[in-house]
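Chemist: Residue numbers (numbering that gives the first Met the number 0), protein chains in the order written: chain B, 0 to 492; chain U, 0 to 338; chain V, 0 to 340; chain H, 0 to 355. Glycine included, C-beta positions come from ideal geometry on N, C-alpha and C.
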Amino acid sequence: MTVSLRCEGVSKWFGESKVLDSVDFSVEPGEIHALLGENGAGKSTLMKICSGLYRPDRGFVEVEGQKQAFGSVMDAQASGVALIHQEPRLFPDLNVMENIWIDFRGKSRGFSLKSVEKQTQDYLDELGCGVNLRERMADISVADQQLIDVASALRKDLKVLIVDEPTASLTPLEVDRLFAVLRRLKKQGVAIVFIGHRLSEILEISDRMTVLRDGQVVGSIRADQTTEDELASMMVGRNIDVADSEPYVSRGSKVLEVHNLSATGKFRDVSLEVGSGEIVGVGGLVGSGRSELLEAIFGVRKKSSGAVFINGVRIGNVLGSIKAGSGLVPEDRGRNGLVLKATLVENIILPSLRTLSLFGVRRRKRELALAEKMISELRVRTSSFGLEAGALSGGNQQKLSLAKWLAHDLNLLLIDEPTRGVDIGSKSEIHTLIRKLAARGVGVLVVSSDMRELLSLPHRILVMREGELVGSLPASEATEETVIKLASGVKVA
Amino acid sequence: MRASMREGRSLARNLARFRDVGIGGIVVAVAIAFGAVNPLFFRPENLFAILLAVGIIVVLAVGQMLVIISRQIDLSIGSTLGVAAMVTAMVGRDFPDVPTIVLVAVAVGVGALLGAFNGFLVVGAKIPAIIATLGTLAIYRGLVFIVSNNIQVNPSEVPSGVTALARVSSVGIPPIVLIGVGVVLAGWYFTRKTMTGLRLYAVGSNPEAATARGLSPLKFQFWVFVVMGALAGLGGLLYIARYSTVNPADVGSGFELQVISAVVIGGTNIFGGSGSVVGVLMGVFLVGILANGLTVIGVSGFWQSAAYGAIIIIAVVVDTLVRRQMSSGGRKEKGELDG
Amino acid sequence: MDNPKASTLASAGKFLGPFLPAVVVFLVAMVWGTLASPFFLDIPVLLLHSGRYMEIGLLALAMTLVIIHGDIDLSVASNLAFSAAMLGLVYESGASIAVASVAAIAVGTTLGLFNGFLVTVVGLPSLVVTLGTLALYRGMAQIALGDQAVTGYPDGFVGADQNLVFELIPLPLTVFIVMAVLIGFLAHRTTFGFVSLMLGKNQVATMFSGLQPKMNRLIAFALSGAMAGFAAVLITARLGSTRSNLALGFELLVVTIVVLGGTDIFGGKGTIGGTVLALFAVIAVREALAIQNVNGQIQDAVIGLILVLTIAVPVAVSRLFGRVKVSRRKALLGLEKGTTQ
Amino acid sequence: MKRMKLGTKSPRSKFFALGASALVAVGLVGCATDASDSTDSAPAEPTTDSAEVLEIVYIPKNLGNPYFDNIVAGLQEAAPELNMTVEVVGPAQAGATDQIQYIDAAIQQQVDAILISPNDADALVPSLKRAMDAGIVVISVNSDMSAEGRDLAILPVDFTTLGDFLVELTAEVTDGAGDFAVLSATSTAPDQNVWIEGMRDVLAGGAYPDLNLVDVVYGDDAPDKSTNETNALLTRYPDLAAIVAPTTVGVAAAAQVLSASPLKGQVQVTGLGTPNEMRQYIKDGTVKAVALWDPKAQGILAAHLAAALINGTFTATPGASINVPGVGDRVVNDDTQVITGPPVTFTAENIDDFDF
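Shown next, in the form of C-alpha cells:
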C-alpha cells in the first residue's frame with residue numbers, strides 16, 4: 000500500500016535561520032498523523048512545503064509515490080493535497096456555494112451552481128455543517144468556514160488533508176463535530192495531517208505522532224504507546240538552555256493593577272498585578288485571549304468592563320498608558336508592532352516624539368542620538384540607519400520593537416511572544432534584555448507559548464484558558480506538565 | 000453569548016438583500032415627487048427623453064461596475080467614448096454608404112483598443128488604476144482633437160442608419176434603449192450566471208485567496224479594462240445617434256462623474272468584491288431622473304450638481320452603515336480596535 | 000557594526016530619486032521652448048505668467064499632505080469656486096475686501112472640515128466623499144451666484160497679481176513660496192508631518208505607538224479647504240471678477256502635479272519640495288507649448304502623458320535592468336523575505 | 000515567492016505583448032490622421048516681402064465651433080493681400096478664464112494685433128489691457144466687452160436691432176401668437192445676454208401683444224446639454240409655440256430634438272443658425288426659417304480693420320470710416336463698434352445658395 004504523502008530530507012532556510020533540517024515525514028492512507036512542536040519548531044513551514052506554498056531548499060515531497068515539483072498551490076491541489084488554515088482564506092462577499100465551487104476546472108458547459116447544489120448540500124450534511132448555501136461567507140462562524148474549506152477540498156479527489164491548528168478558536172461542541180468529520184474521512188482512506196497544540200485532543204484523534212523541535216524530528220510514536228507527559232517532555236526537550244531568573248524580591252510598589260477586566264467575546268473578569276521589577280508570564284493556548292488582554296491593558300482595544308491602573312494612575316486610553324510609562328510589543332510585529340516601510344530611526348523615535356521635539360518642532364540631532372544609543376545598546380545588526388525596518392531579520396526586528404519603547408522612560412513592558420520567529424542568538428539577547436529591565440524596576444507582563452521560555456523567564460506564571468484566568472503559580476513550583484494541563488483543561492492530578 | 004451574535008447578523012443580512020430594492024424605492028419616490036410637483040413629468044415624451052439619456056449612461060455604468068468590482072477604477076471613459084464617437088462619425092461622414100453594423104464594429108473596436116492600453120498601463124507597467132486612467136483621460140481627449148483636427152461632424156454628415164438608432168423604431172422603442180437593455184441583461188447574465196463572472200467577484204473580494212485558489216487577478220484586471228473600453232466605444236456610437244453633432248471639445252466630457260456616481264449610488268462597494276447590475280441600473284435611473292426632473296420642475300440647472308453631490312454622499316453613508324452593521328466590525332480592522 | 004556614514008551616498012541617491020522626473024521634465028520643457036521661439040526665454044515674462052498657476056500651486060501643497068495620509072481631496076476646485084462666490088457676496092454686502100478675503104478662507108476651511116468629518120469620524124472612503132462634495136460645492140457656488148458675476152473690486156486689489164516683489168518676483172509667486180515654506184516646514188520638520196507620513200505607511204502600527212490618526216487626517220482636510228479659500232482670493236485678484244464656473248477641472252491637474260512630484264498615491268511617501276518642482280515643471284511645459292500656439296486640449300494630453308511616463312518609465316527600467324541588480328543586492332544582504340508569523 | 004513555473008510564459012509578459020500592440024495602434028491612429036499639431040496657420044504665403052509682415056492672433060470662444068471656423072476662413076482669405084499671417088489658437092471649453100493663457104502667449108510673442116471673441120465681458124479686461132499697454136491692437140470680434148478692454152469691436156450685426164429682428168423672425172414663424180422660450184449659450188456670454196435684453200425690450204414695447212417670452216434656459220453651447228434643456232422646455236410648456244435659439248449650437252440641437260419628436264411642426268424652432276447645419280432640418284420641415292450673417296464677411300472686415308489700425312491708416316474713433324473690398328463702406332458708431340451688415344434669413348428657397 001503506497002504512502003500517501005512522504006517528505007524526505009526536507010530542509011528550508013529563512014535568511015540566516017535554518018527552519019527545517021532534513022525532515023523525514025510520511026502519512027499512510029486512512030491514517031491521522033499528528034505533527035507536534037512548539038511555536039517556531041517548523042510545523043507550519045513543513046506543511047506549507049507539502050501544500051505547495053513553498054519549495055524545499057533541499058529534499059523532496061512525494062504524493063502516492065510521484066515526486067512533486069509544486070510550482071503553485073494549484074499543482075498541489077491537482078495532485079490531491081489540500082491545506083486547511085486556522086483562519087480559512089475565503090471570499091467574504093460570496094456565498095457558501097460560490098466559495099466551494101469557485102475553482103471548478105471541469106467542462107463548464109452544462110455546469111451551473113444549480114446543478115451541483117444537491118451534491119454540495121450532501122457534502123455539508125455529511126460534514127455535519129448546517130449552513131444555508133445562500134448565506135454570505137462574512138456571516139459564517141470560523142468553525143463552519145473550516146468545514147466549508149474541507150468541503151471545497153473534498154470536491155477534488157482528496158488524497159491528503161492537512162489541518163493546521165483547527166481547534167484554536169472552536170468551542171468543545173464544534174471540536175467534536177470536526178473530529179467526527181476527520182474520522183469519517185479517515186474511513187474513506189484520506190491521509191490526514193493534524194497540526195495542533197492540545198495534547199489531550201491529539202491523543203484522542205490521531206493514530207501516530209511526530210514531534211518537531213527546532214526544525215528537527217525528535218521522535219515518532221504510535222498514539223497507544225505514549226502518554227501526555229512523555230509527549231510534553233519530547234516537545235520541550237531535556238536540556239533547558241534558558242537560565243532561570245533569580246527569585247523575585249518584592250519592592251513593595253505595584254506597577255500594574257488590573258481589576259476584573261473583560262472585553263466581550265475575547266476574555267472575562269481578569270484581575271492581576273505586576274510588581275516593580277517583577278516578570279509575570281502568561282501561558283495558555285492560541286486563542287485563549289492573552290494577546291487581547293495585553294491590548295486592552297495597553298489601551299488599543301476597547302474594554303467592556305473593569306479598570307487598569309499603572310503606578311496607581313487609572314488608565315483611559317493608549318495615550319494615557321504611554322504617558323504613564325507603558326509599552327506594548329505586539330504578537331504580529333509586521334502589522335502592529337513596526338512600520339516596515341519606515342526606517343530604523345523613524346520606528347525608534349515614534350513613541351517618544353513629544354519628548355524629542357520642542358513646541359512640535361522635531362530636533363533631528365536629538366532623534367539621531369537617541370536612535371544610535373538604542374541601536375548600540377540593543378546591538379541591532381544593520382548596515383545603515385536608512386535601512387527600512389522590513390529589510391531586517393526577525394531577531395533584529397524584535398530588538399527594534401523593544402528599542403522604541405526603551406527609548407522613553409519605561410515603567411511597564413507588555414510583550415507578546417518575545418522570541419517567536421527569532422534566531423537562537425537573538426533569543427538569549429532578548430531574554431537578558433528583559434531581565435536587565437526588570438532589574439531596573441520595570442514591571443514586565445510577558446505572554447509566551449514557548450514552554451521553556453515561559454518556565455524560566457518569569458518570576459510568576461499565570462495561565463489563561465478560553466478567556467479566563469485559570470491559575471497562578473510561582474516559577475519555582477511550575478512544571479511544563481502543570482502548565483500544559485491548566486492550559487488544555489485536563490484535570491490537574 | 001454565541002447565539003445572540005447570530006440573531007444580530009441575520010437582521011443585517013436581510014438589510015443587504017433589500018439594499019437594491021431600497022434604491023429602487025428611492026427612485027420611485029423621487030419620480031413621484033417630481034410628478035407631484037409637475038404632472039407633465041410623466042408625459043410619454045419626457046419619459047422617452049429619460050430613457051434615451053439613461054440608455055447611454057447604463058452602457059458605461061455596467062462597464063464601470065465590472066472595473067470597480069475588480070478593485071480598480073476607470074476615469075478615462077468620457078474621453079474613450081469621445082475618441083470612439085469621433086472616429087466613427089468621421090468614418091460615417093467620409094464613407095456615407097458604409098453599413099451601420101460596420102460603424103458599430105469601428106466604435107466598439109476603437110474603444111476596446113483604448114481599454115487595452117489602459118489595461119497595459121495598469122497590469123503591465125504597474126501604474127495604479129486611478130493614476131493611469133487620470134493620465135489617459137487627458138491623453139485620449141487630446142487624441143479626439145488630433146484625430147478630428149478640430150473639425151466638428153455636423154448632423155447632416157451623420158449617416159441616417161446611425162441617427163435611426165435614436166428614432167422610434169417599428170417596435171415602438173428606439174434601438175438605443177434596446178441596446179441599453181441588452182447590455183444590462185448581458186451584464187446581469189455575466190455577473191450572476193457565469194463562472195467567470197463569479198471569479199471576477201472573487202478576485203475583487205479577496206485577491207490573495209483568489210491566487211491561492213488558482214485564479215489570476217492580473218488577467219481579470221486586464222480584461223475588465225478592455226470590456227470597459229468596448230462598452231465606452233458602444234456608448235460613443237449611441238452618442239452620435241442621440242446628439243448627431245460630434246464636437247471635439249464636448250463629446251463625452253463629464254460622463255465619468257455621472258457614471259461613477261450612478262455606480263456608487265447603485266451600491267457597488269468602492270473597495271471591490273461586490274455590486275449588482277440591478278443596483279447599478281437603479282443608480283443610473285436615479286441620476287437620469289434627477290437630471291431630467293430638476294429641469295422639468297423648473298429648478299434652475301444650478302441646483303442640479305448640488306443635488307448630485309448630496310445624493311452621492313447620502314448613498315455612501317447609508318451603504319457604509321449597512322455594511323458595517325452587516326459584518327459587525329467591518330472587513331478592515333479585526334475586533335474593536337480603539338483607533 | 001559598520002559605519003552608518005558610508006551609506007549616506009546611497010541615501011543621497013534615494014533623496015534625489017523622487018525629484019528626478021520633475022527636474023527632467025522641467026529642463027526638457029525649457030530647452031524645447033527656447034528652441035521653439037526666441038521670445039520664450041524671457042524670465043520676467045515667464046515669472047509673470049507663472050502667477051496664473053499659483054492658485055493650483057496652493058491647492059497642490061495641501062493636497063500633498065492629504066495624499067501622504069493615504070487620502071485624496073477631489074473637491075478642492077469646487078471649494079475654491081464656492082469660497083470665491085462667498086468672497087464676492089460678502090464684498091457686495093458692503094464689507095471691506097480684507098474682511099471678504101478672510102471670509103473666503105474661513106468658508107474654505109469649513110468645507111474642508113466637512114470633508115474631514117465624513118472621512119475620519121463617519122469613516123467613509125475619501126475618494127467617494129470628495130467625489131460627492133466636488134459636485135455639491137460646485138452646485139452651491141452656482142446657487143450662490145447663478146448666472147451673475149461679481150465685479151467692481153477695489154483697484155488696489157484687482158491686478159494685485161501684477162505687482163512685483165524686488166522688481167522681479169510677482170506677488171502670487173511670492174505668496175506661493177511663503178506658503179510652500181510654511182507647509183514644507185509643517186510636513187518635514189514638525190511631529191505633525193512625521194506622524195502623517197507614518198500613518199500613511201501603516202496606520203495600525205502608528206496607532207499602537209500611541210498616535211491618534213483622526214486628528215492628523217482632519218487637520219489635513221481642513222488645510223486643504225483653507226488653501227482653496229486662499230486660492231479663491233488670489234484668483235479674484237487676478238481676474239477682477241467672480242463667476243460660478245471658476246477653476247473647472249483644476250483638481251485633476253493638482254493630483255497630476257502631486258504625483259509627478261514623487262508622492263505615492265497610496266500614501267506614506269511624498270515631499271512638498273517634490274510638489275513645488277513638479278508645479279514648475281508643468282508651468283514650463285505649458286508655457287513651452289503655449290509659445291508654439293498649441294491649444295489647451297493637446298497641452299492637457301501632454302501633461303497626462305508625462306504623468307503616465309513618470310511611473311511607467313522607472314518600472315520599465317527596473318524591470319529591464321532590475322533583474323540583475325535586484326537579485327545581486329538581495330544575495331549581498333543575505334535577505335529573503337522570511338515568514339515571521 | 001519563487002518565479003512562476005518555467006513551463007507556461009509568465010502572465011505578465013503576455014500583457015506586455017498585448018498592451019504593446021495596443022500602444023502602437025493608438026500611436027498610429029494618432030499620427031496617421033494628425034495634420035498639424037495646432038490649427039493650421041495661414042495657408043498662402045504673404046505676397047509682399049516679409050520685412051513688415053503683420054502678425055495677428057485670433058482667439059475664438061472655443062475650438063471646433065463651426066461658426067468661428069467661418070470667421071477664420073474670412074481672416075485667412077483676406078490675410079495674403081494685407082501681408083498678414085493669422086495664428087488661430089484657443090481653449091477647448093468656452094470657459095471664462097481659459098482664454099487668458101493665449102492672450103499672455105500672444106503678448107509674449109509681441110504680435111501686432113489680437114483678435115478675440117470673448118467668453119466673458121470682464122474677466123479678460125486685465126490681461127487685454129496689458130496687451131494694449133504693450134502696443135498691441137486689440138479687437139473684439141463677433142461680440143463686445145467692456146470698452147477699456149479693447150480698441151475696437153466688430154459686431155456681425157447691429158446688436159441693438161438684432162433683438163427686434165429675432166422677435167420679428169419669431170413672429171414670422173409663429174404667425175405672431177403664442178408662448179416662446181429662448182435657448183441660449185452660456186449664461187456668461189455677452190452677445191447672448193445683449194440680444195435677449197433687446198428681445199425683452201421689444202416685447203415690453205407692446206409691438207407683439209400675443210407673443211410672450213416664458214423662459215430662458217442655457218445649453219452652454221454643448222450639444223448634450225442643449226438637447227436636455229430642449230426636452231425640459233417641451234415638457235414644462237406643452238403648448239409652447241416656438242423655441243428661439245440665438246446660438247448656432249442651440250438651434251441645431253433644438254431642431255434635432257424636434258425632428259425626431261411627434262411635436263415636429265407644432266413647436267417651431269428658429270434663431271441664428273448656419274446654413275450647413277440647418278439645411279437638413281429646413282428641408283424636412285422641422286424649421287421654417289433661421290437667420291444669420293456671413294461670418295466670413297466679418298472675418299474679412301476684421302482683417303482689414305486690424306491691418307489699418309496697425310499701419311495707422313485708420314483710427315478707432317466714432318465717425319471714422321473705412322472701405323473694405325468685397326464688404327463695402329463701414330463707419331465706427333458712437334460705441335466704437337463696426338457693424339458687419341444686416342442679418343440674412345435662410346428659408347427652404349434660398350438655403351442652397353449658401354455654403355458655410
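Let me know if Q65/B comes out buried or exposed under the rule of 16 or more other beta-carbons within 10 Å of its beta-carbon.
Modeler: Position 66 of the first sequence, counted from the first residue, corresponds to residue 65/B. Classification of Q65/B: exposed, given that the 10 Å Cβ count is below 16.
Chemist: What do you reckon, are the CB atoms on A180/H and Y217/H nearer than 8 Å?
Modeler: On the fourth sequence, residue 180/H is found 181 positions in, with the first residue counted as 1. On the fourth sequence, residue 217/H is found 218 positions in, with the first residue counted as 1. Their beta carbons are not under 8 Å apart, which means A180/H does not touch Y217/H by this criterion.
Chemist: Beta-carbon of R88/B versus every beta-carbon of chain U: anything under 8 Å?
Modeler: Sequence index remark: in the first sequence, residue 88/B carries index 89 (1-based). Closer than 8 Å to some Cβ of chain U, the Cβ of R88/B qualifies, so yes.
Chemist: CA-CA distance, T316/H and K287/H?
Modeler: In the fourth sequence, residue 316/H corresponds to position 317, counting from 1. In the fourth sequence, residue 287/H corresponds to position 288, counting from 1. Between T316/H and K287/H, the C-alpha separation is close to 41 Å.
Chemist: Count the CB pairs spanning the region 83 to 94 of chain V and the region 61 to 74 of chain V that are closer than 8 Å, and state whether there are at least three.
Modeler: No contact exists between the region 83 to 94 of chain V and the region 61 to 74 of chain V.
Chemist: Which residues in the same chain have their Cβ closer than 6 Å to the Cβ of A437/B, if we skip the five residues on either side of it in sequence?
Modeler: Locating residue 437/B in the first sequence gives position 438, counting from the first residue. Here the set comprises G276, I278 and V443.
Chemist: How about A91/H and N61/H: are their beta carbons less than 8 Å apart?
Modeler: What you label residue 91/H is simply residue 92 of the fourth sequence in a count that begins at 1. What you label residue 61/H is simply residue 62 of the fourth sequence in a count that begins at 1. Against a cut-off of 8 Å, the Cβ pair of N61/H and A91/H comes out as a contact.
Chemist: Can you have a look at P189/H and say buried or exposed, based on whether 16 or more other CB atoms are within 10 angstroms of its CB?
Modeler: For the purposes of this step, residue 189/H is taken as the residue at position 190 of the fourth sequence. So P189/H counts as buried.
Chemist: Give a yes or no on whether 8 Å exceeds the smallest Cβ distance from Q336/H to chain V.
Modeler: Along the fourth sequence, read from residue 1 onward, the residue named residue 336/H stands at position 337. Cβ-Cβ to chain V under 8 Å: no for Q336/H.
Chemist: Taking the beta strand (DSSP E) that V443/B falls in, what are its first and last residues?
Modeler: As a position in the first sequence, residue 443/B is number 444, starting the count at 1. Unbroken beta strand (DSSP E) run through V443/B: G442 to V446.
Chemist: Would you give the residue range spanned by the beta strand (DSSP E) that W12/B belongs to?
Modeler: Taking the first residue of the first sequence as 1, we reach residue 12/B at position 13. Note, W12/B: beta strand (DSSP E), L4 to F13.
Chemist: By the DSSP assignment, the beta strand (DSSP E) with L112/B in it spans what residues?
Modeler: On the first sequence, residue 112/B is found 113 positions in, with the first residue counted as 1. First-last for L112/B: undefined, no H or E at that position.
Chemist: Among G148/H, G270/H and L212/H, whose alpha-carbon lies nearest the alpha-carbon of T346/H?
Modeler: Mapped onto the fourth sequence, residue 346/H falls at position 347. Among G148/H, G270/H and L212/H, the Cα nearest to that of T346/H is on G270/H.
Chemist: Can you check DSSP and say which residues form a bridge with Y217/H?
Modeler: On the fourth sequence, residue 217/H is found 218 positions in, with the first residue counted as 1. According to DSSP, which records beta bridges pairwise, Y217/H is partnered with S183/H.
Chemist: Classify A5/V as buried or exposed, calling it buried when 16 or more other Cβ atoms lie within 10 Å of its own Cβ.
Modeler: What you label residue 5/V is simply residue 6 of the third sequence in a count that begins at 1. Below a pLDDT of 50, predicted positions are generally treated as unreliable, and A5/V, at 45, falls in that range; the measurement from the model is reported next regardless. Looking at its Cβ environment, which holds fewer than 16 other Cβ atoms inside 10 Å, A5/V is exposed.
Chemist: Please tell me whether Q46/V has its Cβ less than 8 Å away from any Cβ of chain H.
Modeler: As a working mapping, residue 46/V is identified with position 47 in the third sequence. Looking at the sequence shown, residue 46/V is not Gln but Leu. No, because no Cβ of chain H sits closer than 8 Å to the Cβ of L46/V.
Chemist: According to DSSP, is S320/H helix, strand or coil?
Modeler: Residue numbering aside, residue 320/H sits at position 321 when the fourth sequence is read from its first letter. The answer is strand: DSSP assigns S320/H an E or B state.
Chemist: Between the alpha carbons of V317/B and P28/B, how many angstroms are there, rounded?
Modeler: Mapped onto the first sequence, residue 317/B falls at position 318. Mapped onto the first sequence, residue 28/B falls at position 29. Using only the alpha carbons, I get a separation of about 52 Å.
Chemist: Roughly how many angstroms separate the alpha carbons of K8/H and R183/B, rounded to a whole number?
Modeler: As a working note, residue 8/H is residue 9 in the fourth sequence. As a working note, residue 183/B is residue 184 in the first sequence. Unreliable placement is indicated for K8/H, whose pLDDT of 37 sits below 50; no coordinate value is reported for it.
Chemist: Starting from F266/B, find everything on chain U with Cβ-Cβ shorter than 7 Å and list it in chain order.
Modeler: Locating residue 266/B in the first sequence gives position 267, counting from the first residue. Near F266/B there are no residues of chain U at all, since even the closest Cβ is about 12 Å away, more than 7 Å.
Chemist: Identify every run of the alpha helix (DSSP H) within the region 246 to 290 of chain U, keeping only runs that are complete inside it and at least 4 residues long; order them along the chain.
Modeler: Listed in chain order, the complete alpha helix (DSSP H) runs (minimum 4 residues) inside the region 246 to 290 of chain U are 254 to 264.
Chemist: Check whether the region 420 to 430 of chain B touches the region 388 to 399 of chain B, taking contact to mean three or more Cβ pairs, one atom from each stretch, closer than 8 Å.
Modeler: With the cut-off at 8 Å, the region 420 to 430 of chain B and the region 388 to 399 of chain B touch.
Chemist: Tell me whether N215/V is buried or exposed, calling it buried when 16 or more other Cβ atoms sit within 10 Å of its Cβ.
Modeler: Counted from its first residue, the third sequence places residue 215/V at position 216. Result: buried.
Chemist: So does the region 150 to 165 of chain B actually touch the region 44 to 54 of chain B, counting three or more Cβ pairs closer than 8 Å?
Modeler: Short answer: they touch.
Chemist: Which residue spans inside the region 49 to 109 of chain V form an unbroken beta strand (DSSP E) run of at least 3?
Modeler: With a minimum length of 3 residues, no continuous beta strand (DSSP E) run stays inside the region 49 to 109 of chain V.
Chemist: Tell me, please, which residues DSSP counts as bridged to G327/H.
Modeler: Within the fourth sequence, numbered from 1, the residue matching residue 327/H stands at position 328. DSSP, once it has assigned bridges, lists V323/H as partnering G327/H.
Chemist: Taking 8 Å as the threshold (beta carbon to beta carbon), is E97/B in contact with chain U?
Modeler: In the first sequence, the residue the question calls residue 97/B occupies position 98. Yes, contact with chain U.
Chemist: Of all the options G122/V, M206/V and F193/V, which has the alpha carbon lying nearest to the alpha carbon of R323/U?
Modeler: Your numbering for residue 323/U matches position 324 in the second sequence. Considering only alpha carbons, the answer is G122/V.
Chemist: Return no unless some Cβ of chain H is closer than 8 Å to the Cβ of D19/U.
Modeler: As a working mapping, residue 19/U is identified with position 20 in the second sequence. D19/U does not count as touching chain H.
Chemist: Which one or two residues does DSSP pair with F308/B in a beta bridge?
Modeler: Sequence index remark: in the first sequence, residue 308/B carries index 309 (1-based). Per DSSP, E256/B and R313/B.
Chemist: With which residues is G326/B paired in a DSSP beta bridge?
Modeler: Your numbering for residue 326/B matches position 327 in the first sequence. Answer is L412/B.
Chemist: Where do the N-terminal and C-terminal ends of the alpha helix (DSSP H) with L198/B fall, by residue?
Modeler: The residue labelled residue 198/B in the question sits at position 199 within the first sequence. Unbroken alpha helix (DSSP H) run through L198/B: L198 to I204.
Chemist: Using only alpha-carbon positions, find the residue among D293/H, D220/H and D209/H that is nearest to N64/H.
Modeler: As a position in the fourth sequence, residue 64/H is number 65, starting the count at 1. The shortest Cα separation from N64/H among D293/H, D220/H and D209/H belongs to D220/H.
Chemist: Using Cβ-Cβ distances below 8 Å, what residues of the region 59 to 86 of chain U are close to chain B?
Modeler: Within the region 59 to 86 of chain U, no residue qualifies.
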